[in-house]
Amino acid sequence: MRVKAVLGGFFGDEAKAKIVDVLSKDADVVVRFQGGNNAGHTIMVDGRRFVLHLIPAGIFNFKTVCIIGNGLVIEPFSLYEEIHNLIKQGISFDNRFFIDPRAHLVLPIHQQLDMANESSKDGTKIGTTGRGIGPCYADKASRIGLRMGDLSAKETISSKLKAIYNSHGMELCENERVILVKKLDYIGKFFSPFFGDVPYLLEDYYQQGKNILFEGAQGTLLDIDFGSYPYVTSSNTVIGGISIGCGFSSRKIESMIGVFKSYITRVGNGPLVTELNDEIGDRIRKQGNEYGSSTGRPRRCGWFDAVAARYSILLNSFDQIAFTLLDVLQGFEKVKICTAYSIDGIETDRFPADTKLLEIAKPIYEEHPGWNDEISNIRVFDQLPENAKNYVNRIADLLNRPVTIVSVGAGREQTIFR
């Protein structure tokens, strides 16, 4: 393995966590580098379903060290609960879990601001999770944020809380301030044994020849700069986010794996060119259990978008593809692939920078015969139905990248390696 990155190629929810979980059996270190508890990574382990929001998916492989980089924003009470829930399930964190003290904290005020923005009658409805991620990143950029490392001193917590609330023209009454400071002080003592200087940790692991795996959250098309702005997340989800989010040079990454569903989904607002507002879309949602891991919101579903996928490859230099949820498409008489857009009557194979153009884009499709055979028990690619193989191979041709992993179910064992 050596050094690999696993990133979502669409709008998130591509089953990245399953791919990371499967690959982490060979990984010494798994690293999260951006996002917050707005991410929801679902993993099936020995028939049990786990949903992770902040902890890297490698936590279920007991020899693997898991790291949270500076690029995350951490809701501390959620992380505390997530850790304790896993400990109850027999998962050990001793000497295998580290947090960069530079990571910023999501506070109650950030959640209040997020919900206020989403409910505003005048503002653009992004469709966020309402968990305070964007306002926390905004305070980080404004240089007023509270960081994990600040929890070591009550005086620092108190003064920074006052500065944050004042900057937003909001007041925290004395009683509420005392209670919040006390809670943060307590939870800071809990987290302090996990603090590690992540850039140096990673460099040490790298020099020791350890296998390192970087786990992306959300997806490329939600990147704050290159996604369908303003309907994006608040961090850099592309490959460059690794350097920013944990202090590890992207020049050292030897393989970039792009994870794509066999169709496309999106949760929240924003354009989705191939969206299916019909019985087919409903059927994909039902068969794929397409409901958000973090919020439970139904995901919008559409046919595979090769235009968006090629754009994602352009941004990330993916050298191979992990193709997930192929089993969801079984039983469809026809399956479609969007190979180009029509915008104001002009055909293009480029993903537009202007979101307004993306909103009026019409998909141009190829149609392929589907398959009815059950595939969730197949472990060898050549044993897949002919039409399923043709579909996967056509995607590989359109993307000009090899499909090296095919997922045919949620379980670890339901994975085909090519």
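Going by my numbering, the first residue of the sequence shown is number -10, and it counts up by one from there. Note that the Cβ used here is the ideal one computed from N, Cα and C, for glycine as well.
Cβ distance (whole Å) where residue i is taken to contact residue j below 8 Å
i: Leu202; j: Ser13; result: 6 Å
i: Phe(-1); j: Ala297; result: 6 Å
i: Gly230; j: Phe22; result: 6 Å
i: Ile57; j: Ile8; result: That belief does not hold up - the Cβ atoms of Ile57 and Ile8 are roughly 19 Å apart, past 8 Å.
i: Ile146; j: Asp174; result: 6 Å
i: Ser217; j: Gly259; result: 5 Å
i: Ser59; j: Ala105; result: With the sequence shown as reference, residue 59 is identified as Asn, and Ser is not the correct amino acid for it. Wrong, their Cβ atoms sit about 27 Å apart, outside the cutoff.
Nearest residue (CA-CA) to residue i, options the options
i: Lys143; options: Gln78, Pro45, Arg132 and Gly177; result: Gly177
i: Lys(-7); options: Leu347, Val395, Glu268 and Glu204; result: Glu204
i: Asp386; options: Glu336, Tyr330 and Gln309; result: Gln309
i: Ser224; options: Cys327, Met(-10), Val11 and Asn26; result: Asn26
i: Trp360; options: Tyr354, Tyr154, Val324 and Val221; result: Val324
i: Asp333; options: Ala350, Gly400 and Glu268; result: Ala350
i: Lys52; options: His73, Asn200 and Asp271; result: Asn200
i: Ser301; options: Asp338, Gln319 and Gly285; result: Asp338
i: Phe321; options: Gly257, Phe340 and Asn376; result: Asn376
i: Leu304; options: Glu279, Pro374, Ala329 and Thr226; result: Thr226
i: Asp193; options: Phe370, Val18, Pro391 and Met(-10); result: Val18
i: Arg37; options: Gln78, Gly1, Gly60 and Ile44; result: Gln78
i: Ala152; options: Lys171, Val167, Ile228 and Asp128; result: Asp128
i: Val369; options: His93, Val395, Asn106 and Asp267; result: Val395
i: Gln101; options: Ala92, Ala295 and His157; result: His157
i: Lys172; options: Leu150, Met245 and Ser131; result: Leu150
i: Val262; options: Phe49, Val167 and Pro352; result: Pro352
i: Phe249; options: Arg(-9), Gly(-3) and Arg286; result: Gly(-3)
i: Leu191; options: Asp371, Leu75, Ser239 and Arg383; result: Ser239
i: Asp83; options: Glu107, Phe179, Asp214 and Met245; result: Phe179
i: Arg383; options: Ser108, Val167 and His357; result: His357
Whole-angstrom distance between residue j and residue i, CA atom to CA atom
i: Tyr195; j: Glu348; result: 44 Å
i: Asp103; j: Lys378; result: 44 Å
i: Phe39; j: Glu70; result: 13 Å
i: Met159; j: Leu140; result: 22 Å
i: Gly236; j: Thr118; result: 27 Å
i: Ile405; j: Ile364; result: 11 Å
i: Leu169; j: Ile72; result: 20 Å
i: Leu388; j: Arg299; result: 6 Å
i: Leu265; j: Ile273; result: 9 Å
i: Thr284; j: Gly257; result: 10 Å
i: Phe340; j: Tyr126; result: 27 Å
i: Thr344; j: Pro124; result: 22 Å
i: Arg390; j: Val(-5); result: 15 Å
i: Gln197; j: Asp15; result: 15 Å
i: Pro90; j: Ala295; result: 40 Å
i: Pro97; j: Arg286; result: 22 Å
i: Glu336; j: Phe293; result: 18 Å
i: Ser67; j: Leu161; result: 21 Å
i: Leu75; j: Tyr189; result: 27 Å
i: Tyr220; j: Ile228; result: 20 Å
i: Gln372; j: Leu346; result: 42 Å
i: Ala130; j: Asn50; result: 35 Å
i: Ala6; j: Ser181; result: 27 Å
i: Asn155; j: Asp212; result: 30 Å
i: Gly281; j: Thr254; result: 10 Å
i: Ile367; j: Gln403; result: 7 Å
i: Ser251; j: Glu163; result: 53 Å
i: Glu165; j: Ser148; result: 14 Å
Under 9 Å between C-beta atoms of residue i and residue j
i: Val20; j: Val187; result: yes
i: Val397; j: Asp316; result: yes
i: Ile122; j: Val34; result: no
i: Gly234; j: Phe307; result: no
i: Arg120; j: Val95; result: yes
i: Tyr288; j: Asp10; result: The question names Tyr, but residue 288 is Arg in the sequence shown. Taking 9 Å as the Cβ cut-off, Arg288 and Asp10 do not qualify as a contacting pair.
i: Ala46; j: Leu314; result: no
i: Thr222; j: Gly29; result: no
i: Thr393; j: Ala311; result: yes
i: Ile326; j: Glu355; result: yes
i: Ala329; j: Gly1; result: no
i: Phe184; j: Gly138; result: yes
i: Ile32; j: Leu43; result: no
i: Arg85; j: Glu243; result: no
i: Gln319; j: Asp362; result: yes
Cβ of residue i within 9 Å of any chain C Cβ
i: Gly259; result: The structure shown contains no chain C, having only a single protein chain.
Heavy atom of the ligand ADP within 8 Å of residue i beta-carbon
i: Val20; result: As far as ligands go, the structure on display features none, and thus does not contain the ligand ADP.
Exercise for the section: Output the residue ranges of the alpha helix (DSSP H) runs that lie fully inside the stretch 87 to 147 and measure 4 residues or longer, sorted by chain position. Expected result: Counting whole runs of 4 or more residues, the stretch 87 to 147 contains the alpha helix (DSSP H) stretches 97 to 108 and 122 to 130.
Exercise for the section: Report the residue ranges of all alpha helix (DSSP H) runs contained in full by the stretch 371 to 405; include only those spanning at least 4 residues, in chain order. Expected result: Entirely contained in the stretch 371 to 405, the alpha helix (DSSP H) runs reaching 4 residues are, in chain order, 375 to 388.
Handout entry: In chain order, each alpha helix (DSSP H) run of at least 4 residues that lies wholly inside the stretch 220 to 290
Key = Listed in chain order, they are 230 to 235 and 268 to 277.
Handout entry: Runs of alpha helix (DSSP H) wholly within the stretch -10 to 40 (minimum 4 residues, chain order)
Key = Segments of the alpha helix (DSSP H) lying fully in the stretch -10 to 40: 5 to 12.
Practice task
Would you list, in sequence order, the uninterrupted beta strand (DSSP E) runs of no fewer than 3 residues that lie entirely inside the stretch 309 to 367?
Solution key: Listed in chain order, they are 309 to 313, 323 to 332, 335 to 337 and 351 to 358.
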